[in-house]
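*Asks:* Can you read through this structure? Questions will come right after.
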Amino acid sequence: MNNDILTEIKVFHFNLHLADNILKWGLSMLDINEELKTKIIGLNEVITRKYSSILDKNFDLRKFLEENIGSILKLEKLTLNELNEIKRKGGIVAVDGSTNRKGGSFPHYIELFQGLAKSTDREVKDVFLTDIYTPLLSQEKNNPLEIIAEEEIDEKNRRLAQIEIKVALESAKRKKPFAIIMDGGLIRYKIYAKDLWKELVDYCILNNVILFGTIKDIKTQIIGEEIKNKNKDVKGLIYDREMLFGTLQYKEMLLIYDELNKKEQSGFSSGFIRSSLSPNVVGIDIIEEQSDLLIDMARLIITLTPENSRGVPLFLDIVDKEVKISDDLIEALLEKYLDRGIYERLFISERDKRNL
Amino acid sequence: MKVLGITTQQEFYVGSKERNFRINEFLVVQDVQGDLIGEVVEAQTFNRYIPLNVYGDFIDASVIESMKALGYDVDEETIYVAKLRLLEEALYPVETGSDVRIPRFSEIKNLMLRTKIEDGLCLGVIRNTDTLYEECEEEYKDLLYTFEEQGLVKQKELPYIMDLKSMHHYPHIGVFGGSGSGKSFGLRVFLEELMQKGIPTIVLDPHYEMDFSDTPEYLKEEKKDFKGSFKCLQVGVHVGVKFEDLSAGDLKNLLDASSPLSDAMNNVVDVLFKNRDSYLSFSNRLQALTEAQEEGSIQRIQQKIDNAKNNDEKEAWEFRKDLFTQYDKTCPYNSVKGILWRLRRLYNEGIFSKDSRDIENYLKDGLLVVIQGSTRILQVYSTYLLNNIYHKRREFKDAQYKKAEAEYFPPFIVVTDEAHNFAPKGYESPSKSILKEISQEGRKYGVFLALATQRPTLLDETITAQLNTKLIFRTVRASDIDTIKEETDITSEEAKRLPYLRTGDVFISSAVVGRTIFARIRAAYTISPHTQNPFDELKMKKDEDDEKLMRIVLDKLPIAEMDILDTIREIEKDEKVSFTIEEFTQKLENLYKKKLIGREETIFGYRYIKL
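Residue numbers (my numbering), protein chains in the order written: chain A, 1 to 356; chain B, 1 to 611.
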């Protein structure tokens, strides 16, 4: 009852707001819309032109992929026996991290990091680690503006990568798992947390723990680069996710040829899987030493992914959900444990105070 | 268990990862203000990984199975949430994050068991109190059985004991519930308890079901004998009205209950009825007057007198003439006819053939008296009876106040099913006025009502308002739920559950306790005589008939087709039962079909043989 009234009031206010705007801006608002419309139409044309050669119906992308990129395999889900075997050998640990940022622009903000390693083995407790960062306290600070942005991102990535590897190691040391799934491509750890990463890889190789990453958001351009090599007409950046959208069938995997992997010099073997009915693909990569296990891990991903989902294994979604700290909680924590003066002076942005 | 979310002084949410909540259970909140006791009014479970989401990801069973195989059971991520309502409002809103625990028996004993067994009626168990049962005192254990899904079970929860003595302050009881909700069953248990306590009780039983002689199969070992504690009396057979004891007022009530009286008719009774009239003298008077009125004038009656063939006839007509001159002006013919017709109807139903003295004596002995009859007869008779005994009790009490001598008459309880027939809303009925009187002032005199109905909406509102304790069984009709909501302190959450209650589960809203208790009626010690399934009955009857026929036929077998007529004759001679050929052939064919006898073909046609 009360909720209904509340909704009604909200809708009413929204309408008022709209009416207010139209009155204030009058026809000029409609003019803007007209301009936007033209721009969007223009954009569509440009995109169509860019992809014309690739989206051409005569271009057999699957054939191209098999000839140049990798083999397309049809995979089956793991059987119950195989799953039981995995359980017997220690289950699976999934690792994810989250960041929250509170405050305004550089350097007046606080960034909180949290990493979680969660095992399918209920006896192994979840490993949580947190870290906190604010550029206010960074030591070696010279101040050319253009470096700052990159530095900031680097710092964030470093801390996140480190914390994720740390929880993975900690969980693995508590009880040896069958496999560790990292969130995202493995290259990230190699770049941002070199020493820790080596420690983790060494541990995994020594103890026969499979180490691989699943990539929800593929940012590679392997296919596009090859197309460009073969066809000089094609220009610009072409991402793999664009190319693979709808190209693979459900449960199919594109296993990248070793030569291509070598060319990247990342030290990983990788592939793409369509793990659900959704046309998007997810990526998978595994350390070189375990490349023969890539297909089995791809099958694991397919097994754990709901058919009607975005393609992410349920367990990773669970970990993702649990590692996230809500903004409200962070705000509450900061308000409670930072001196009010410090908090107001340093970390409340103008945007936070807006209430229109 | 912890307090969650935004809280108020009365209501808030409690969550747990391990323990599911049950509706109506009690929990203790360990707040900074001290321990607070609350009751669960809503219970929910929630699994954030198995969302009910049409547009987003939908998790299929195979993935959940696979995860289970890996050792990770998504079901274990279920969160249990309950809405808790404090029994007494707190001073401040409860602090979020406060721990919540299960109470100890001693902490809530006063909420559950205020009454000692010997002072109350043990009607059933309080639902969801099994965690407290172990801790409770021995005297409250092993009192009863309940019916659950798996059949009869021993008591596992705290007993619900209805405080008998508090009826002095909160006198009347309402029992509401649709058919099949356990209402009649609850009434039976209530009456059993009254009998055990020896409380004088009048039961109006239009269904002929309140017989306590039979013990059900399930309790053969723990049989309780109520034989000396109750009497079933049928109106017109065992009890009635002694006409000579009637006052004009009583008689008018009776006639009115039979079918409503007009003013003129009331007048006829006032004028024509004399104290100490017998049925015969009164009906003769009415009869004579109508005959006189049919003649139409004094002259014509005089003619009848003059032409009388003998003295008897002459006297009779003179008697009519007297009546005519005396009453014709005040008593219109049609009204006299109407009274006569109503009076004869009552007479034919046997109401005047017996008296009610037995009932009074039984009540004085502390017995439960079940008055049986059709609804209409009961309406008529109860009007007279209740008026009569209520006023006897009243006279006794009034005399007591005045310190005068009067014959003792005990306090008693009036119980009826289908109460809306006796005290309907919207129109007057004689039985209603006496029930109304009792509902309003019966408390003073120790006369109490327990009214059961499946249509509380149809029950007189003044009376409904006086029902202080209400037992509410499953109710499906929206209008009745609305009435119940209006008339009781039942919450909207509870009202929502009403259509889904299991048979025998009941909300007891009591002014004594000041809140609603969720209970289950115990298994009754006795059984209604109407429990045989009519379809079982049909089958049994058929089997019985077959058996009888088999007994007759068996001796005569084998019976050849051409001997049938002779066989029929033989049977007629021996057993004094006759059949036509067709009938008998049909019956033999039926027995053959049921494989009770055999049939074989011979050269002379077929014949029936023993198996």
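Ideal Cβ positions, reconstructed from N, Cα and C, are used throughout, including at glycine.
All figures in this text were calculated on a predicted structure; none of them were measured in a lab.
(1) For the alpha helix (DSSP H) containing His207/B, name the first residue and the last one.
(2) Give the DSSP-derived three-state secondary structure of Tyr608/B in the structure shown.
(3) Can Leu129/A and Val167/A be called in contact, C-beta distance under 8 Å?
(4) What residues in the stretch 286 to 308 of chain A have a beta carbon less than 8 Å from any beta carbon of chain B?
(5) Measure the C-alpha to C-alpha separation of Gln224/B and Leu123/B and round it to an integer number of angstroms.
(6) Enumerate in chain order the residues of its own chain whose CB-to-CB distance from Arg158/A is below 7 Å, with the five nearest sequence positions on each side excluded.
(7) Excluding sequence positions up to five away, which residues of its chain have a Cβ less than 8 Å from the Cβ of Asp142/B?
(8) Quick test of the definition: if touching needs 3 or more C-beta pairs under 8 Å, does the stretch 507 to 525 of chain B touch the stretch 136 to 151 of chain B?
(9) Would Lys252/B pass as a contact of Leu261/B if the rule is Cβ separation under 8 Å?
(10) Alpha carbon to alpha carbon, what distance is there between Asn533/B and Tyr208/B?
(11) What whole-angstrom Cβ distance do Lys214/A and Leu61/A have, given they're in contact under 8 Å?
(12) Please confirm whether Gly5/B has its beta-carbon closer than 8 Å to some beta-carbon of chain A.
(13) Counting only Cβ pairs nearer than 8 Å, list the residues of chain A close to Asp60/B.
(14) For a minimum of 3 consecutive residues, which ranges assigned as the beta strand (DSSP E) are wholly contained in the stretch 51 to 95 of chain B?
(15) Any C-beta of chain A sitting closer than 8 Å to the C-beta of Tyr13/B?
(16) Spell out whether any CB of chain A is found under 8 Å from the CB atom of Ala495/B.
(17) Anything in chain B within Cβ reach of Lys175/A, meaning under 7 Å, just list it in chain order.
(18) How would you call Ile223/A, buried or exposed, if buried means at least 16 neighbouring beta carbons within 10 angstroms?
(19) Using the DSSP secondary-structure output, state which residues sit across from Ala452/B in a beta bridge.
(20) Put Thr120/A into one of helix, strand or coil per three-state DSSP.
(21) Taking Cβ-Cβ distances shorter than 7 Å, what residues in chain B pair up with Asn84/A?
(22) Do we get a CB-CB distance below 8 Å when we pair Ser433/B with the residues of chain A?
(23) If contact is defined by three or more beta carbon pairs under 8 Å, each pair taking one atom from either stretch, is the stretch 161 to 175 of chain B in contact with the stretch 441 to 456 of chain B?
(24) Taking only the alpha-carbon atoms, compute the straight-line gap between Ile472/B and Ser179/B and give it to the nearest angstrom.
(25) At the 8 Å Cβ level, is Asp131/A part of the contact set with chain B, yes or no?
(26) Round the Cβ separation of Met253/A and Leu43/A to the nearest angstrom and send it over; I've been treating them as touching at under 8 Å.
(27) Whose Cβ in chain B lies nearer than 9 Å to the Cβ of Arg122/A?
(28) If you follow the beta strand (DSSP E) that Ala519/B is part of, which residue opens it and which one closes it?
(29) Decide if Pro430/B is buried, meaning its Cβ has at least 16 other Cβ atoms within 10 Å, or exposed.
(30) Would you check if the distance between the CB atom of Asp417/B and the CB atom of Leu187/B is smaller than 8 Å?
(31) Which residues in chain A have a C-beta closer than 9 Å to the C-beta of Tyr49/B? List them in chain order.
(32) Under 8 Å between C-beta atoms, does Gly115/A make it to chain B?
(33) Pick helix, strand or coil for Met253/A, following the three-state DSSP scheme.
(34) When burial is assigned at 16 or more other CB atoms within 10 Å of the CB, is Trp317/B buried or exposed?
(35) For Ala308/B, which residues in the same chain have their Cβ closer than 7 Å to its Cβ, ignoring the five residues on either side in sequence?
(36) Keeping to the same chain, check which residues put their C-beta closer than 6 Å to that of Val127/A; ignore five residues upstream and five downstream.
*Replies:* According to the data block:
(1) It is not in any alpha helix (DSSP H) - His207/B carries neither H nor E in the DSSP assignment.
(2) strand
(3) yes
(4) Thr303, Leu304, Thr305, Pro306, Glu307 and Asn308
(5) The sequence given here places Lys at residue 224/B; Gln does not occur at that position. Using only the alpha carbons, I get a separation of about 15 Å.
(6) Tyr192 and Ala193
(7) Lys154 and Gln155
(8) yes
(9) yes
(10) 16 Å
(11) The question names Lys, but residue 214/A is Thr in the sequence shown. That belief does not hold up - the Cβ atoms of Thr214/A and Leu61/A are roughly 23 Å apart, past 8 Å.
(12) no
(13) Pro306, Glu307 and Asn308
(14) 79 to 86
(15) no
(16) no
(17) Under the 7 Å cutoff, chain B gives no residues; its nearest Cβ is about 11 Å from Lys175/A.
(18) buried
(19) Val175/B
(20) coil
(21) Ala69
(22) no
(23) yes
(24) 12 Å
(25) no
(26) Going by Cβ atoms, the distance from Met253/A to Leu43/A rounds to 33 Å, so no, they are not a contact pair.
(27) Gly71, Tyr72, Asp73 and Glu76
(28) Arg515 to Ile521
(29) buried
(30) yes
(31) Leu314, Asp317, Ile318 and Lys321
(32) no
(33) strand
(34) buried
(35) Lys314 and Trp317
(36) Ala117, Val167, Glu170 and Ser171
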